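Report on the structure given below.
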Amino acid sequence: MKKFGHRGQKILKFLHLVLVSLWVGGAISLNLMIFCLGPATSGPELYGYNLACVLVDDLAIIPGALGSLLTGLLISGLTPWGFFKHRWVTIKWILTIFCILFGTFFLGPTVNGQPPISEEYGLAALNDPQYVANWLNSLIGGLFQMLALFFMLAISVLKPWRKFPRNQAANSLLNP
Numbered sequence: 010m011k012k013f014g015h016r017g018q019k020i021l022k023f024l025h026l027v028l029v030s031l032w033v034g035g036a037i038s039l040n041l042m043i044f045c046l047g048p049a050t051s052g053p054e055l056y057g058y059n060l061a062c063v064l065v066d067d068l069a070i071i072p073g074a075l076g077s078l079l080t081g082l083l084i085s086g087l088t089p090w091g092f093f094k095h096r097w098v099t100i101k102w103i104l105t106i107f108c109i110l111f112g113t114f115f116l117g118p119t120v121n122g123q124p125p126i127s128e129e130y131g132l133a134a135l136n137d138p139q140y141v142a143n144w145l146n147s148l149i150g151g152l153f154q155m156l157a158l159f160f161m162l163a164i165s166v167l168k169p170w171r172k173f174p175r176n177q178a179a180n181s182l183l184n185p
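Start counting the sequence shown at 10; every next residue gets the next number (the working numbering).
Shown next, in the form of structure tokens:
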């Protein structure tokens, strides 16, 4: 398969960085909303807060995550970086897939489950067991997700691990 030239790699990397920024910025925004906003004083205020969380998820986090995945696939497939040539790239792939699956199947349902409850019960939703469980899961899971994203950013910049040795298995047998 033909590889991208220098200019194509720069454009692709720029697009990837924009999408990563959208994902990370959305995660930071959602976590700040969950951690820092004071208690709602009315049912409509609580419902509006829950809708705002869904919008951040739908318009920033999801497109940023999926766009990062797509541009990451292109970067790995169409540039010399490859998929498994460097340990840090392999770890980023594992974490990216994990974060997207975790967000899709764990965090997404917690965020999307809040508005219907607050719309129906108003301020009394704060005493609803499902609402409280969703909030707690968003709080803990969102923090965990954000830390994983920060770790991926750090290893992208620092590139802490060298390439995999060509004959790692053979070398370990010959040099115990």
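Positions of the beta carbon are idealized from the N, C-alpha and C atoms, including for glycine. Just so it is clear, the structure is predicted and the values come from calculations on it, not from any experiment.
Checklist entry - Among A133, H95, A74, L39, which residue has its Cα nearest to the Cα of V27? => result To locate residue 27, count along the sequence shown from 1; it is residue 18. Residue A74 is the option with its Cα nearest to V27.
Item to check | Cβ pair count under 8 Å reaching 3, the region 59–71 against the region 31–40 | outcome: yes
Item to check | Secondary structure of A179, DSSP reduced to three states | outcome: As a working mapping, residue 179 is identified with position 170 in the sequence shown. Since pLDDT at A179 reaches only 43, below the 50 mark, its modelled position is unreliable, and no value is offered.
Next on the checklist: Once the 5 residues before and after N143 are set aside, which same chain residues still bring their CB inside 7 Å of it?
Outcome noted: If you number the sequence shown from 1, residue 143 lands on position 134. Closer than 7 Å at the Cβ level, and outside the excluded window around N143, lie T119, G122, Q123.
Item to check | Segment limits, alpha helix (DSSP H) that includes N146 | outcome: Taking the first residue of the sequence shown as 1, we reach residue 146 at position 137. Where N146 is concerned, the enclosing alpha helix (DSSP H) stretches over 138–167.
Next on the checklist: Quick check: the Cα distance between V98 and L78, rounded to an integer number of angstroms?
Outcome noted: Within the sequence shown, the letter at position 89 stands for residue 98. Within the sequence shown, the letter at position 69 stands for residue 78. Taking the straight line from one Cα to the other gives about 13 Å.
Checklist entry - How far does the alpha helix (DSSP H) with F107 in it reach, from first residue to last? => result The residue given as residue 107 occupies position 98 in the sequence shown. That run of the alpha helix (DSSP H) goes 96–111.
Item to check | Backbone secondary structure at P125 - three-state DSSP | outcome: Taking the sequence shown and counting its residues from 1, the one referred to as residue 125 is at position 116. Note: P125 maps to helix in three-state DSSP.
Next on the checklist: Check this for me: beta carbons of L187 and L83, under 8 Å apart or not?
Outcome noted: Coverage of the chain is limited to positions 10 through 185, which leaves residue 187 absent and any answer about it impossible.
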